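>
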Amino acid sequence: MNKKIIIGSRGSKLALAQTKFVAEQIKKFDNEVEIEIKVIKTTGDRLMVALHKTPERGLFVKEIEEALLNKDIDLAVHSLKDMPSEGIDDLEIFAIPAREDPCDIIVPRKDVNITSLKDIVSNSVFATSSLRRISLIRDLFKSREIIDIRGNIDTRLKKLDEGYCDYLLMAKAALNRLEIKRKFFSLNPFDFVPAVGQGALAIQGRRREFDKFSKIISYLDDFKTRISTEIERKVLKLIGGGCQIPFGCYVSLTENGFFKISAFIEKDGNIRKVLFEENSKKDKNEVAYEIYKKLLF
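Okay, so the sequence shown: first residue is 1 according to UniProt numbering, each after it adds one.
1) Which runs of the alpha helix (DSSP H), 4 residues or longer, sit entirely within the region 169 to 225?
2) Is K28 helix, strand or coil when you go by DSSP?
3) Roughly how far, in whole angstroms, is the beta-carbon of L14 from the beta-carbon of R177, given that I think they are within contact range, below 8 Å?
4) Specify the secondary structure class of N70 as computed by DSSP and reduced to three states.
5) Which word fits T225, buried or exposed, when buried means at least 16 other C-beta atoms lie within 10 angstroms of its C-beta?
6) For the beta strand (DSSP E) that G8 lies in, which residues bound it at each end?
7) Taking buried to mean at least 16 other C-beta atoms within 10 Å of its own C-beta, is E100 buried or exposed?
8) Bridge partners for G248 per DSSP, in chain order?
9) Any idea what DSSP makes of A98, helix, strand or coil?
10) Looking only at its own chain, which residues have a Cβ that is under 6 Å from the Cβ of L236, when we skip the five neighbours before and after it?
11) CA-CA distance, N270 and Q25?
12) Looking at A95: is its Cβ nearer than 8 Å to the Cβ of D221?
13) Under the assumption that P102 contacts A17 (Cβ atoms under 8 Å), give the Cβ distance between them as a whole number of angstroms.
14) For the beta strand (DSSP E) that K38 lies in, which residues bound it at each end?
15) Using 8 Å as the threshold, is the C-beta distance between L253 and Y292 below it?
16) Alpha carbon to alpha carbon, what distance is there between L295 and residue 341?
17) Which class does D82 belong to by DSSP, given the choice of helix, strand or coil?
18) Suppose the cutoff is 6 Å on Cβ atoms and the five residues either side in sequence are ignored; what does the same chain contact list for V107 look like?
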């Protein structure tokens, strides 16, 4: 393995926290390796509208992948949920570390005093830019107002506390990775279905250099997370969607050898949800296709 590794990352506080985590894991494996983090601004970072309003995919990874192809960096760290289901031929996801908590959370404004979700009143205002979360929160709370919100985690929390909304919908993994202490209410991922790959990271490299990083890949890669997220991503590919449709899929490999699966899709205002188990010995392509079939209207 190289004695210096240049890792490409987006420049947001969350992205850098994730990349620094990976860098620390590499240093634990080999403390003699020198690591440089190269910040790369992506199209998604410049975007002024919600992701679902643009047809282009991979907006948060495009420029980083170009840097990999141009050999400006050796590895890249992405949020797995940002990666399109169809990759670039010359690049490969080398490792997927153990997944953070995949669930979504409801964060109340600091001056909103509630003890449970049952206390949320009918005129409450929720904020999210995700079509998936909009669909699911409407299903959970039939008469609540939902408004769009943009910006990084700190910006969103600041807007929340300034009165832009009453509740913010976000991924629990973001709070955990940034070590932000806030009151929140977790939403069960087998009911409020997460985005594909939510809570997981992807370490990407040039396909022909896999062997060069094989030892560190073996150290970083988590089998349970990889196989679960591979199934989720195969379903996403079958659906043919990204952020442009309300869709979620979560697969968890249980201790008793089963995949516990939740998935949902909204089409023409109608929601279809599925929750079931499959034997983990079954081929993952078959499992993905079974999920896909159950989601068809």
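Don't be surprised by glycine CBs; every beta carbon is placed ideally from N, CA and C. Predicted, not measured: the structure shown is a model, and the values here were computed from it.
Concretely, from the data shown:
1) 172 to 178, 214 to 220
2) As a first step, residue 28 is located in the sequence shown; it is residue number 28 there, counting from the start. Here K28 sits in helix by DSSP.
3) Stepping through the sequence shown from its first residue, residue 14 is reached at position 14. Stepping through the sequence shown from its first residue, residue 177 is reached at position 177. About 6 Å separates the two Cβ atoms, so the contact holds.
4) For the purposes of this step, residue 70 is taken as the residue at position 70 of the sequence shown. If DSSP states are grouped into helix, strand and coil, N70 belongs with coil.
5) Residue numbering aside, residue 225 sits at position 225 when the sequence shown is read from its first letter. Label assigned to T225: buried.
6) Here residue 8 corresponds to residue number 8 of the sequence shown, with the count starting at 1. Residues 4 to 9.
7) For the purposes of this step, residue 100 is taken as the residue at position 100 of the sequence shown. The residue is buried, with at least 16 neighbouring Cβ atoms inside 10 Å.
8) Counting from 1 along the sequence shown, the entry for residue 248 is found at position 248. DSSP output for G248 lists F264 as bridge partner(s).
9) The residue given as residue 98 occupies position 98 in the sequence shown. In the structure shown, A98 sits in coil (DSSP, three-state: anything other than H, G, I, E or B).
10) Your numbering for residue 236 matches position 236 in the sequence shown. Only S85, V196 meet the Cβ criterion.
11) As a working note, residue 270 is residue 270 in the sequence shown. As a working note, residue 25 is residue 25 in the sequence shown. Rounded to whole angstroms, N270 to Q25 spans 44 Å at the Cα level.
12) In the sequence shown, residue 95 corresponds to position 95, counting from 1. In the sequence shown, residue 221 corresponds to position 221, counting from 1. Cβ atoms of A95 and D221: closer than 8 Å.
13) Start at 1 with the first residue of the sequence shown, and residue 102 comes out as number 102. Start at 1 with the first residue of the sequence shown, and residue 17 comes out as number 17. Incorrect: roughly 17 Å between the Cβ atoms, too far for contact.
14) Residue 38 sits at position 38 when you count from the first residue of the sequence shown. Unbroken beta strand (DSSP E) run through K38: 34 to 39.
15) Here residue 253 corresponds to residue number 253 of the sequence shown, with the count starting at 1. Here residue 292 corresponds to residue number 292 of the sequence shown, with the count starting at 1. Result no, Cβ atoms of L253 and Y292 do not sit closer than 8 Å.
16) With the chain covering 1 to 297 only, the question about residue 341 has no answer from this structure.
17) Working through the sequence shown from its first residue, we reach residue 82 at position 82. The answer is helix: DSSP assigns D82 an H, G or I state.
18) As a first step, residue 107 is located in the sequence shown; it is residue number 107 there, counting from the start. Counting only Cβ-Cβ distances below 6 Å, and skipping sequence neighbours, we find L168, R182, F184.
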